[in-house]
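Engineer: Taken in order, these protein sequences are the chains called A and B. When we follow full-length UniProt numbering, the leftmost residue of the first sequence carries the number 1, and every step to the right adds one. When we follow full-length UniProt numbering, the leftmost residue of the second sequence carries the number 1, and every step to the right adds one.
2 protein chains.
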Amino acid sequence: MTPTQQAGRVTVAGLGPGADALVTPEVTAALAEATDIVGYIPYVARIAPRPGLTLHPSDNRVELDRAQTALDMAAQGRHVVIVSSGDPGVFAMASALFEALETRPDRADTDIRILPGITAMLAAAARAGAPLGHDFCAINLSDNLKPFAEVERRLRHAAQGGFAMAFYNPRSKSRPHQFTRVLEILREECEPARLITFARAVSTPEEQLSTVTLAEATPEMADMRTVVIVGNEATRRVGRWVYTPRSVPAPTDAE
Amino acid sequence: MTPTQQAGRVTVAGLGPGADALVTPEVTAALAEATDIVGYIPYVARIAPRPGLTLHPSDNRVELDRAQTALDMAAQGRHVVIVSSGDPGVFAMASALFEALETRPDRADTDIRILPGITAMLAAAARAGAPLGHDFCAINLSDNLKPFAEVERRLRHAAQGGFAMAFYNPRSKSRPHQFTRVLEILREECEPARLITFARAVSTPEEQLSTVTLAEATPEMADMRTVVIVGNEATRRVGRWVYTPRSVPAPTDAE
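1) Determine, using beta carbons only, whether Tyr-243/A comes closer than 8 Å to chain B.
2) Tell me which residues of the segment 96-128 of chain B have at least one Cβ-Cβ distance to chain A shorter than 7 Å, keeping chain order.
3) Using a C-beta to C-beta distance shorter than 8 Å, which residues of chain B count as neighbours of Asn-140/A?
4) Would a check of beta-carbon distances place Pro-25/B closer than 8 Å to chain A?
5) Answer with yes or no whether the minimum CB distance from Lys-173/B to chain A is below 8 Å.
6) Could one say the Cβ of Phe-148/B lies closer than 8 Å to chain A's Cβ atoms, at least one of them?
7) When the cut-off is 8 Å and only beta carbons count, does Ala-158/A lie next to chain B?
8) Where are the alpha helix (DSSP H) runs, 4 residues long or more, that stay fully inside the segment 114-157 of chain A, in chain order?
9) Does any CB atom of chain A fall closer than 8 Å to the CB of Leu-186/B?
10) Who are Leu-22/A's beta bridge partners in DSSP?
11) Quick one: list the residues of chain A neighbouring Phe-163/B, beta-carbon separation under 7 Å, in chain order.
12) Quick check: Met-121/A and Val-27/A, are their CB atoms within less than 8 Å of each other?
13) List the residues that DSSP assigns as beta-bridge partners of His-177/B.
14) Counting only beta-carbon atoms, is Asp-59/A nearer than 8 Å to chain B?
15) From which residue to which residue does the alpha helix (DSSP H) around Met-93/B run?
16) Would you say Gly-89/B lies against chain A (beta-carbon separation less than 8 Å)?
17) Taking C-beta to C-beta, are Leu-115/A and Ala-30/A nearer than 8 Å?
18) Out of Ala-159/A, Ala-45/A, Ala-193/A, which has the shortest C-alpha to C-alpha gap to Arg-236/A?
19) Across the segment 41-53 of chain A and the segment 145-156 of chain A, are there enough close Cβ pairs to call them in contact, namely three or more that are closer than 8 Å?
20) Does the beta-carbon distance from Ala-100/B to Leu-53/B come in below 8 Å?
21) Do you know how far the Cα of Leu-186/A is from the Cα of Ala-108/A?
22) Which of the three DSSP states is assigned to Val-44/B in this structure?
23) Could you please give the first and the last residue of the uninterrupted alpha helix (DSSP H) stretch that includes Met-73/A?
So this is what it looks like as structure tokens:
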């Protein structure tokens, strides 16, 4: 440990989907020991101010700057917690921190911890029943950081492989047409009766949950606070619940 | 609510990968209110006995019996918690409960709650860095409930789709040869330098973590307490960490 690094550290912590009851004790302890909280504005807003704690909210799409700032503060001996919604390793700040670390050999010895959280798709699945009860994929539908052709390629492989799917960032004001295209691709690959759950803001007061068939699904059922879960061929309803059985019979030619 | 159902309920709760610090407050509260705990022996062993609480440990592979028992106890007014390791919706008891419910119209009105937990792959990913930082799949390698041909089909689609992958139940004494075959399939689909992390018993005193290349991976690196994480083509090391970048360039012909 070099003199400039003292006892600082960077912790990347998952706050879960919204409710305090879904924040792990490990994360709560890290927040209690922090000197600085770094993160996207709405996530930092979830942290209660207290003496000795500095909040550093920042805008969306500045993940690398945020990570650099955290590494620099840790080098000054600060205990920095970068907060993510859900799990920090699922389409969130953990990868951004390592991308930043790769460009900063002077910070290579930083004490780093990644603390898992309840990711949105699992909170949503629990509310709906067990739609991810068999093999599944998680796909970020945003094309901020990848070409949409890559999204399409993955959708088709996921469908053809018989996976259930969870979509993060399905739709935003800047790209409303893409989720329309996603539904078209799903309709080419899956039967019309395939079940889709739209789960918005799970575990918050704004929670909304609805399950429809692929034939009934429309683009405006999703927004950026929604996780979309597409079942596999066997996913079905029992009462108000949606679940995917654990068993798979031998493959057939049926769609 | 029929007279036989009184105020009973069935809660399916995820205990996370092992450490108490990874159990959500929501689950802790449910356990505190329970009259009965149902589950696989090692998971029930994690629950501290107390007056008024009956523990019902059962063997592996009796998931449906366990779920039936829980439904019947709830009908007698008991507050039953079915405990799962990790998240109950990921290759665990939530689907089994709904399968049981489907066969029991007399229990259709049961008050059911599914409480999410930290699933093994996300705890493992956090320890390793952020290997699931981009699109990924979760695959149960056990062929107890599906033909191995289905496992193979999914592996190939996951690899060809450019997904990172997390494998649950990679290897058991009764089918040691299958993980050998999984590695062969991966070698057909992925480049030899592909990174694979073997994460055993994360967050417990028996935790072990190692990352090797696909060329170096051997079947005995996994057992039933291991989660295996295969990166995508871009997954790389930075210092002692393994991570998958958030960005994907336009697809190329490169393997």
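Built from N, CA and C at the ideal position, the CB exists for glycine as well. Note that this is a predicted model, so its numbers are computed, not measured.
Structural biologist: Taking the coordinates as given:
1) Sequence index remark: in the first sequence, residue 243/A carries index 243 (1-based). Yes, Tyr-243/A lies at the interface with chain B (some Cβ there is under 8 Å from its Cβ).
2) Ala-96, Phe-98, Glu-99, Leu-101, Glu-102, Ala-108, Ile-114, Leu-115, Pro-116, Ile-118, Thr-119, Leu-122, Ala-123, Ala-125, Ala-126
3) In the first sequence, counting from the first residue as 1, residue 140/A sits at position 140. By Cβ distance, chain B contributes His-134, Asp-135.
4) Taking the first residue of the second sequence as position 1, residue 25/B is located at position 25. So yes, Pro-25/B belongs to the interface.
5) Here residue 173/B is taken as the residue at index 173 of the second sequence, counted from 1. Answer no: the Cβ-Cβ gap between Lys-173/B and chain A never drops below 8 Å.
6) Counting from 1 along the second sequence, the entry for residue 148/B is found at position 148. False, the Cβ-Cβ gap to chain A never drops below 8 Å.
7) Position 158 of the first sequence, counting from 1, holds the residue named residue 158/A. So, interface residue.
8) 120-128
9) Position 186 of the second sequence holds residue 186/B. It does not; no Cβ of chain A falls within 8 Å.
10) Residue 22/A sits at position 22 when you count from the first residue of the first sequence. DSSP lists no partner for Leu-22/A.
11) Taking the second sequence and counting its residues from 1, the one referred to as residue 163/B is at position 163. Simply Cys-137, Arg-154.
12) What you label residue 121/A is simply residue 121 of the first sequence in a count that begins at 1. What you label residue 27/A is simply residue 27 of the first sequence in a count that begins at 1. No, they are not a contact pair.
13) The sequence position of residue 177/B within the second sequence is 177, counting from 1. The partner list for His-177/B (beta bridge, DSSP) is empty, contrary to what the question assumes.
14) For the purposes of this step, residue 59/A is taken as residue 59 along the first sequence, with counting starting at 1. No, no contact with chain B.
15) Residue numbering aside, residue 93/B sits at position 93 when the second sequence is read from its first letter. Per DSSP, Met-93/B belongs to the alpha helix (DSSP H) from 93-102.
16) Indexing the second sequence from 1 puts residue 89/B at position 89. Answer yes: the Cβ-Cβ gap between Gly-89/B and chain A drops below 8 Å somewhere.
17) Position 115 of the first sequence, counting from 1, holds the residue named residue 115/A. Position 30 of the first sequence, counting from 1, holds the residue named residue 30/A. A contact, by the Cβ cut-off of 8 Å.
18) Within the first sequence, the letter at position 236 stands for residue 236/A. That would be Ala-193/A, whose Cα lies nearest to the Cα of Arg-236/A.
19) no
20) Looking up residue 100/B in the second sequence gives position 100. Looking up residue 53/B in the second sequence gives position 53. No; because the gap between Cβ atoms is not below 8 Å, this pair is not in contact.
21) What you label residue 108/A is simply residue 108 of the first sequence in a count that begins at 1. What you label residue 186/A is simply residue 186 of the first sequence in a count that begins at 1. So the alpha carbons of these two residues sit roughly 43 Å apart.
22) Your numbering for residue 44/B matches position 44 in the second sequence. It is helical.
23) Here residue 73/A is taken as the residue at index 73 of the first sequence, counted from 1. Counting along the chain, the alpha helix (DSSP H) containing Met-73/A begins and ends at 63-75.
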